[in-house]
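> Numbering (this note's numbering), first residue to last: 2 to 199.
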């Protein structure tokens, strides 16, 4: 990675350490869950435990703020937060049983009647729920799925195409605010490019 990118990443990390935890949105698209993912990636990139500790503390904040009023949608709700936690577990950023941590989210997601949903978008509708469920199902430790066969059958009827975690990841990084120089999304795009090259 070139020196310009390293300097910019340090600036992004400093900015997000000062401002990220004040974000009121717990979600993955423009909220704390996205910041958490950035800091885990940046900690791995730099080898600096300070960033990993900060990410862990923010993840704890996200989990503590989950309550019954948090929406199911992907953008700023349970599906996106759950997707992010599963992403962190699958990429070995966190040592937690995603199955235990996400059981409550799984149950909340299954309460939603997909056949009555008019919104099928990935940000706020059925495709976002499908992205979360698919991420959960692809996890090798999740042999006994929380999602029953009837639910999965309805999900495939509403959202027949399975999207890879990588395509969802790209969508997350390309949403609003991604062009702001000190946004965590800009930092993750730099880190992702470096990982793809390396």
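We put the CB at the ideal spot given by N, CA and C, even for glycine.
What's the C-alpha gap between residue 95 and residue 128?
Answer to the nearest angstrom: the Cα atoms are 26 Å apart.
> Since residue 109 and residue 79 should fall inside the 8 Å C-beta cutoff, what is the C-beta to C-beta distance between them, to a whole number of angstroms?
Indeed they touch by this definition, with Cβ atoms about 6 Å apart.
> Does the region 116-131 touch the region 71-88, meaning 3 or more C-beta pairs lie closer than 8 Å?
The region 71-88, when compared against the region 116-131, does touch it at the 8 Å Cβ threshold.
> Where does residue 93 fall in DSSP's three states?
Residue 93 falls in the coil class under three-state DSSP.
> How big is the Cα-Cα spacing for residue 17 and residue 137?
So the alpha carbons of these two residues sit roughly 28 Å apart.
> Given a cut-off of 9 Å on the beta-carbon distance, is the pair residue 174 and residue 13 in contact?
No, the pair does not count as a contact, with Cβ atoms beyond the cut-off.
> Between the Cα of residue 22 and those of 29, 6, 59, spot the shortest distance and give me the residue it belongs to.
Considering only alpha carbons, the answer is 59.
> Report, in whole angstroms, the separation of the C-beta atoms of residue 148 and residue 100, which I expect to be a contact under 8 Å.
Contact flag wrong, Cβ pair sits at about 12 Å.
> Quick one: Cα of residue 166 to Cα of residue 83, how far?
Those two C-alpha atoms are separated by around 13 Å.
> Does the beta-carbon of residue 87 have 16 or more other beta-carbons within 10 angstroms, so that it is buried, or is it exposed?
Classification for residue 87: buried.
> So what's residue 22 in DSSP terms, helix, strand or just coil?
Here residue 22 sits in helix by DSSP.
> Could you give the DSSP three-state label for residue 5: helix, strand or coil?
Helix at residue 5.
> Closest to residue 81 by C-alpha separation, out of 188, 134, 19, 161, would be which residue?
It is 134 whose Cα lies nearest to the Cα of residue 81.
> Go ahead and pull the three-state DSSP assignment for residue 143.
In this prediction, residue 143 scores a pLDDT of 49, lower than 50, which makes its location untrustworthy; the coordinate-derived value is nonetheless stated afterwards. Coil, per DSSP.
> Would you mind reading off the limits of the alpha helix (DSSP H) that contains residue 166?
Counting along the chain, the alpha helix (DSSP H) containing residue 166 begins and ends at 166-175.
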